[in-house]
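These notes concern the structure reproduced below.
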Amino acid sequence: MNARFTLMLTMAMFVAAASRAQAAADAQSTVRVYIGTVTGRGPSKGIYRVDLDRAAGKLGEVTLAGEAVNPGFIALHPNGQFLYSVGQQPSPDKTNPGTVTAYSIDSASGDLRTLNQQASGGVGPAYVMVDRAGRNVLVANYSGSSAAVLPLAADGTLEAASCVVRHEGSSVNPKRQESPHPHSIYLDAANRFAFVPDLGLDKVMIYRFDGNEGNLAANEPAFVKLPPGSGPRHFAFHPDGQHAYAINELASTVTAMDYDPQSGALVPRQTISTLPPGANAEQLGNTTADIHVHPSGRFVYGSNRGHNSIAIFAIDEESKTLAPLGYQGEGIKTPRNFGIDPSGNFLLVANLDGDNLSLFRIDRSTGQLAPTGSTAEVSKPMCVKFLAAAP
Numbered sequence: 056m057n058a059r060f061t062l063m064l065t066m067a068m069f070v071a072a073a074s075r076a077q078a079a080a081d082a083q084s085t086v087r088v089y090i091g092t093v094t095g096r097g098p099s100k101g102i103y104r105v106d107l108d109r110a111a112g113k114l115g116e117v118t119l120a121g122e123a124v125n126p127g128f129i130a131l132h133p134n135g136q137f138l139y140s141v142g143q144q145p146s147p148d149k150t151n152p153g154t155v156t157a158y159s160i161d162s163a164s165g166d167l168r169t170l171n172q173q174a175s176g177g178v179g180p181a182y183v184m185v186d187r188a189g190r191n192v193l194v195a196n197y198s199g200s201s202a203a204v205l206p207l208a209a210d211g212t213l214e215a216a217s218c219v220v221r222h223e224g225s226s227v228n229p230k231r232q233e234s235p236h237p238h239s240i241y242l243d244a245a246n247r248f249a250f251v252p253d254l255g256l257d258k259v260m261i262y263r264f265d266g267n268e269g270n271l272a273a274n275e276p277a278f279v280k281l282p283p284g285s286g287p288r289h290f291a292f293h294p295d296g297q298h299a300y301a302i303n304e305l306a307s308t309v310t311a312m313d314y315d316p317q318s319g320a321l322v323p324r325q326t327i328s329t330l331p332p333g334a335n336a337e338q339l340g341n342t343t344a345d346i347h348v349h350p351s352g353r354f355v356y357g358s359n360r361g362h363n364s365i366a367i368f369a370i371d372e373e374s375k376t377l378a379p380l381g382y383q384g385e386g387i388k389t390p391r392n393f394g395i396d397p398s399g400n401f402l403l404v405a406n407l408d409g410d411n412l413s414l415f416r417i418d419r420s421t422g423q424l425a426p427t428g429s430t431a432e433v434s435k436p437m438c439v440k441f442l443a444a445a446p
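Residue numbers (this note's numbering): 56 to 446.
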């Protein structure tokens, strides 16, 4: 009797342990994605969420996480408890002041609860990020010619902007570069320097960042100049922390650069087209949007709007310059932001005019993208962000 009881207890403990292990494996295989959208141009009501089952390579059902007005670009706090979005609120004088909104994330459901809202420091905010220490939000205001820092309180709420820097100047394209247009903002791995690709100036502006004071100060060098008419839009560091890549909206190119983490200096080494040989960007109506480096440091991906594709590049092991590997366009229509999941196995595209997300599996040996056949319907998606911080 005792032996039988001991056996039954052992089996029960084994089953319980197996159940816990399976639950942990299931949790690890599933990653939540938040989606920023354009409202007012379709049925979208704000920020949505969807789960990606990485074991099955399949997207779940899209659910409204929180109502918002034009939350085009979003960012997640490093602790996974808060989300921030930029947008514009209607105003009587039609200046459409830019805003940043803070939300708390319900750990169980994934739903969002609005915490508070602050002015973004300019008109037309196009990008938002949280610094690596989780102490500040940084914003690029496209139409306001400015970048700003908004400190964060311990409860995740936003404080008023502690710093706003304004750009001046223009470049060669009279329609798109008549004034500065800061399109995004990034920090290096050490949280010491901030980089602002300015489409209107053909420059990536460089600032010294003080996270304790929430301040941006002019660096020396103050910027890196890119070829006239490039229109730098987004930016990505190589995992080695000594190289970076800017995707240029107007020229449909990517510029590879060396990076000095001590001085913040960027030195261009190569500029390469995001389009196939012979393709005409003007005839295609092509402009680029987003860029990401694969976690392995072996590949770069960039989105083409007009050609409707993700351009794929190999990274040279020594020079970190790029060589084209091909293009994936299946099911892609006006790709804006896209993301690589934390495991490095999937790439998720936000198709603005396709009104959906399309999921691709990444071949980690070749960099190629294979359609999974899994899509998720959502109106006017602009931005996707993965909540999981680990594979």
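All C-beta atoms in this analysis are idealised placements derived from N, C-alpha and C, irrespective of residue type, glycine included.
Proximity of residue i and residue j at Cβ, strictly below 7 Å
i: V141; j: V192; result: no
i: G447; j: V178; result: Residue 447 cannot be examined here, being either before or after the span of the chain that is shown, 56 to 446.
i: S226; j: L256; result: yes
i: I2; j: G121; result: Residue 2 lies beyond the residue range present for the chain, which begins at 56 and ends at 446; the question has no answer from this structure.
i: L213; j: V155; result: yes
i: V86; j: D396; result: yes
i: L207; j: R190; result: yes
i: A320; j: P276; result: yes
Span of the alpha helix (DSSP H) around residue i
i: Q338; result: 336-339
Straight-line Cα distance separating residue j from residue i
i: S434; j: V93; result: 8 Å
i: P436; j: P229; result: 29 Å
i: A203; j: L271; result: 8 Å
i: K375; j: C438; result: 27 Å
i: P180; j: D210; result: 24 Å
i: L281; j: R109; result: 38 Å
i: T310; j: C218; result: 29 Å
i: D313; j: F292; result: 10 Å
i: A378; j: D161; result: 43 Å
i: R324; j: N274; result: 21 Å
i: L339; j: P98; result: 28 Å
i: P316; j: G95; result: 42 Å
i: R353; j: V322; result: 20 Å
i: L442; j: Y139; result: 13 Å
i: D295; j: A344; result: 24 Å
Close Cβ partners of residue i (< 8 Å) along its chain, the five nearest in sequence each way excluded
i: F290; result: S239, Y241, F250, P252, V259, A299, Y300, A301, I302, I346
i: I365; result: Y356, G357, S358, N359, Y382, Q383, G384, I387, P390, F393, L402, V404, F415, L424
i: T430; result: L114, G386, N411, L412, S413, L414
i: P283; result: S226, V227, D257
Range covered by the beta strand (DSSP E) that runs through residue i
i: V117; result: Neither: V117 is in no beta strand (DSSP E) and is coded neither H nor E.
i: P152; result: 152-160
i: T326; result: 321-328
i: V220; result: 218-221
i: I240; result: Careful: I240 lies outside any beta strand (DSSP E) and carries neither H nor E.
i: G142; result: 137-143
i: I387; result: I387 -> no beta strand (DSSP E), and no H or E assigned at all.
i: Y314; result: 308-314
i: V87; result: The amino acid occupying residue 87 in the given sequence is Arg; Val does not appear at that position. That run of the beta strand (DSSP E) goes 85-92.
i: K375; result: Careful: K375 lies outside any beta strand (DSSP E) and carries neither H nor E.
Close-in-space but distant-in-sequence residues of the same chain around residue i (CB under 6 Å, 5 per side omitted)
i: P350; result: G399
i: H132; result: V185, G189
i: V279; result: V259, L321
i: Q172; result: T154, T156
i: T169; result: Y158
i: K440; result: Y89, I129, L131
Own chain, CB closer than 7 Å to residue i, minus 5 neighbours either side, in chain order
i: E372; result: none
i: A334; result: H362
i: P235; result: S200, H222, E223, G224, D253, G255, L256
Distance cut-off 6 Å: residue i Cβ against heavy atoms of the ligand NAP
i: Q136; result: Although the ligand NAP was asked about, the structure shown includes no ligands whatsoever.
Cβ of residue i within 7 Å of any chain D Cβ
i: V220; result: Protein chains in the displayed structure number just one, and chain D is not present.
In chain order, which continuous runs of the beta strand (DSSP E) of length 3 or greater are located wholly inside the segment 247-295? 248-253, 258-265, 270-280, 287-292
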